[in-house]
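Residue numbers (the UniProt record's numbering): 1 to 705. Glycine included, C-beta positions come from ideal geometry on N, C-alpha and C.
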Amino acid sequence: MFSKILIANRGEIACRVAATAKRLGVSTVAVYSDADREAKHVPVCDEAIYLGGSAPKDSYLKGDAIIAIAKQTGAEAIHPGYGFLSENADFAQACQDAGLVFIGPSAEAIRAMGGKSESKRLMEAAGVPLIPGYHGDNQDAQFLQQQADDIGYPVLIKASAGGGGKGMRIVEQSSDFVDLLDSCRREAITSFGNDQVLIEKYALKPRHIEIQVFGDTHGNYVHLFERDCSVQRRHQKVLEEAPAPGVDRAMREAMGTAAIEAARAVNYVGAGTVEFIVEQREGTMNFYFMEMNTRLQVEHPVSEAITGVDLVEWQLLVAAGQPLPKSQDDLTINGHAIEARICAENPDNNFLPATGTLFTYQKPEHSTFVIDKNGADVRIDDGVREGDVISPFYDSMIAKLIVHAPTREQALARLDRALAQTRIVGLPNNVAFLRYILNTDSFSTANLDTALIEREQDKLFDQHPLGLSTLVVTAITQQLASEAVLQKIDNDPFSKPTGFRAYSDYTRSFSLIYNEQSYIACISNWHNASCFDNKKGSENLSSFALVIGKEIANTQDDSNINVAAQTETVYEGQVSYDSSDAHNHTLWLEGARISAQSWVNNETVYVFTDSGRDEITLIDVMAHVGEDTAAVGSLKSPMPGQVVAFKVAIGDTVKKGEPLAVIEAMKIEHTITAPTDGVVAELLFAAGDLVADGDELLRIDSESE
């Protein structure tokens with residue numbers, strides 16, 4: 001076994017590898033970029049060496065610098081993790097040339113399987129089933145379009161060097177082919193430095209099922225069964241599970257055998273994943289080779305959970321020249337495991353990646369990097385802590401939440417409960433969205449395919465599970481509780497914003513925004529806000545009457561704010577505030593008892609209950625007097641990133657929904673469309689420029705101007 005390894009990666013996978021290395025007594029060296037100086041993986045390792053700038057090309061993709069650091073620190077081997085240089089054959093060869101062990105397959109195997117076109121030819125020779133398509137070297141756009149026309153639409157354009165869902169486009173009709181080909185090639189160059197593509201028939205009701213394989217230097221091969229990764233957005237996995245529902249013993253053995261033959265065809269050593277597309281047609285399932293990922297996969301924990309194998313440990317053992325610890329007959333499936341990828345993104349805005357600070361990051365009871373055999377069947381793999389910043393330079397994943405249970409039904413319930421106990425505040429995230437997926441009929445009954453999210457979209461997007469009254473009462477409770485904490489020393493009632501009256505009940509009005517609608521809320525009968533007396537303990541209970549109306553007018557001048565409301569609704573209830581924890585509240589509202597937690601970030605109150613999460617903005621109206629509204633017709637960048645191209649020029653007439661610009665962020669292209677009809681008056685950036693979230697990109701005048 002090695003005495004020291006360098007981990008050429010960041011985030012949760014760097015922490016994951018370090019955890020196993022530490023258990024085995026292997027010292028670790030971390031590398032870090034400017035953006036990662038304070039990252040979690042840096043103190044987790046025994047040593048940490050600065051690598052370079054924040055952009056991957058200036059740090060985690062600098063193979064020569066990484067090898068030099070490995071030599072400098074006395075590391076004997078380099079673990080590449082996944083992404084970055086993990087499937088770079090030149091880097092694997094450079095490690096070998098430098099006398100270092102690359103913890104992964106040989107450069108020849110990576111090269112053979114890394115090019116999707118070449119790998120398809122190899123698999124055809126090995127007798128592995130292939131889906132119809134073109135995998136050749138002719139990359140002329142007109143020729144490729146003719147191939148697509150011959151195959152028949154829909155087709156899938158895929159970057160030959162691609163992976164991770166990047167560099168893929170579905171083409172529904174011939175007229176769209178060239179534009180989507182250009183977009184795919186740009187993304188492929190950005191992500192992989194290679195714009196070669198292949199064309200494949202897009203399978204009917206496809207499932208994505210993959211086989212975990214392992215080979216050693218002694219000629220031994222095993223598979224660790226299958227994972228279903230069909231639930232995807234933007235061709236990237238969202239939920240993964242093992243074993244795959246509906247796969248019987250015969251199909252499992254056939255897929256496992258095909259995967260091992262694929263690995264054997266390139267003398268594969270180490271951990272790899274053979275991915276198959278499974279077409280579901282008239283009650284049958286036929287599988288076809290899609291690609292081989294020559295590295296450890298993000299979703300490897302579900303395979304670990306059902307087999308009891310530490311795949312990183314096996315990687316280290318095999319790289320050190322030892323044989324596989326188990327044969328195929330020694331491996332069995334135990335129970336069911338599901339992994340949820342928690343990402344910084346906005347599902348309600350086309351999964352736009354988000355950046356920002358993890359203002360609040362609370363996790364359910366769990367073990368870390370391993371399923372605890374003592375009954376803690378919730379595992380969390382992450383590379384961030386509360387207070388960390390999610391930057392625009394790397395992948396948007398915050399954490400992986402993995403559960404294990406005897407049955408799929410029990411695993412679903414366990415995952416739903418663990419997600420319900422997860423609290424993230426500070427940036428958009430997909431935790432609630434993941435719960436919505438789990439509770440769809442399609443997922444709960446294992447009616448799986450890659451179009452599940454699209455098929456169930458009415459139940460997945462723009463959901464508001466808590467109700468306006470719950471949000472308003474919780475937001476007001478949080479506000480008053482915060483004021484009580486700030487003012488607990490001040491006994492002068494005339495200096496407090498509590499609506500104090502010498503001879504009447506407590507009354508207070510608030511302005512709120514929920515789901516893009518303004519509301520006015522008036523709450524009264526708090527018994528002089530006694531439940532917010534910080535000295536009273538956690539059993540205080542107050543009754544209230546709440547009136548909520550939609551705001552229909554809000555006029556301001558230098559000294560006055562005048563508000564009118566309509567559609568008033570009256571609620572009555574009680575609230576208890578826990579003075580030992582200002583985030584915890586218990587509501588009795590409309591006959592129901594609701595336990596809620598809330599956090600405030602800027603003016604937005606984030607509310608969590610067992611039923612879900614939602615947010616509402618509670619406005620300090622006086623703080624906004626005199627502010628200007630945004631310029632009409634301006635178009636702002638919805639995220640930090642780089643301008644790839646403008647699709648329009650000054651003077652062009654555009655229609656609402658027409659593409660205006662392409663922004664690249666987190667290695668994914670995002671098309672910005674016109675919010676209204678008009679004429680392009682000004683372009684404020686050029687292709688290649690970096691933009692911040694909220695930067696004005698261009699200005700559109702109405703056609704009448």
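- Beyond the five residues adjoining it in sequence on each side, valine 312 comes within less than 6 Å, by CB distance, of Val17, Thr20 in the same chain, given in chain order.
- The count of Cβ pairs closer than 8 Å, one atom from the region 413–423 and one from the region 165–184, stays below three, leaving the stretches out of contact.
- With a minimum length of 3 residues, the unbroken runs of beta strand (DSSP E) contained wholly in the region 266–343 fall at 270–281, 284–293, 336–343.
- Minimum Cα-Cα distance from glutamate 187 among the listed residues Gly162, Asn350, Thr676, Gly63 corresponds to Gly162.
- In this chain, the beta strand (DSSP E) harbouring valine 31 covers 27–33.
- Note: glutamine 517 is bridge-paired with Tyr514 in the DSSP secondary-structure output.
- The three-state secondary structure of isoleucine 66, taken from DSSP, is helix.
- Rounded to the nearest angstrom, the gap between the Cα atoms of glycine 152 and isoleucine 199 is 11 Å.
- Listed in chain order, the beta strand (DSSP E) elements of length 3 or more contained wholly in the region 596–623 are 604–609, 612–619.
- For valine 384, the three-state secondary structure derived from DSSP is coil.
- For valine 278, the number of other beta carbons within 10 angstroms of its own is at least 16, and it is reported as buried.
- The DSSP-derived three-state label of proline 154 is coil.
- Two segments are said to touch when three or more pairs of C-beta atoms, one from each, lie closer than 8 Å; by this definition the region 423–437 does not touch the region 261–270.
- The alpha-carbon separation between arginine 508 and leucine 61 amounts to approximately 57 Å.
- With contacts defined by Cβ atoms closer than 9 Å, histidine 583 and serine 595 do not form a contacting pair.
- Nearest neighbour of glutamine 196 by Cα position, chosen from Asp182, Leu204, Ile209, turns out to be Asp182.
- Checking the DSSP bridge columns, you'll see arginine 508 partnered with Ile523.
- At a Cβ-Cβ threshold of 9 Å, alanine 319 and valine 101 count as neighbours.
- Beta-bridge annotation (DSSP): aspartate 228 is paired with Ile209, Glu241.
- When beta bridges are read from the DSSP output, methionine 255 appears opposite no residue.
- Alanine 203 places its beta carbon less than 9 Å from that of tyrosine 288.
- Remark: fewer than three beta-carbon pairs, one from each stretch, lie closer than 8 Å, so the region 95–110 and the region 134–150 are not flagged as touching.
- Nearest in C-alpha terms to valine 238, of all of Ile342, Ile69, Thr190, Gly167, is Ile342.
- Taking valine 644 as the centre and dropping the five residues before and after it, the same chain places the C-beta of Arg186, Val662, Ile663, Glu664, Glu669, Ala687 closer than 7 Å to its C-beta, in chain order.
- Burial is judged here by how many other beta carbons sit within 10 angstroms of a residue's own beta carbon; glycine 657 has fewer than 16 and is exposed.
- Relative to the Cα of proline 80, the nearest Cα in the group Glu210, Thr294, Leu144 belongs to Thr294.
- Judged by DSSP in its simplified three-state form, histidine 583 adopts coil rather than helix or strand.
- Under the three-pair Cβ rule at 8 Å, the region 109–122 does not count as touching the region 320–336.
- When Ile13, Gly11, Arg23 are compared, the shortest CA-CA separation from lysine 4 is found for Arg23.
- Valine 654 is classed as buried because its beta carbon has at least 16 other beta carbons within 10 Å across all chains shown.
- CA-CA distance, proline 245 to aspartate 228, rounds to 8 Å.
- Isoleucine 306 and aspartate 64 have their C-alpha atoms roughly 38 Å apart.
- Residue pairing by DSSP places arginine 593 opposite Trp588 in a beta bridge.
- As DSSP reads the structure, isoleucine 49 sits in a beta bridge with Val31.
- Taking a contact to require three or more Cβ pairs closer than 8 Å, the region 29–37 and the region 45–56 qualify as touching.
- For lysine 459, the enclosing alpha helix (DSSP H) has its first and last residue at 457–460.
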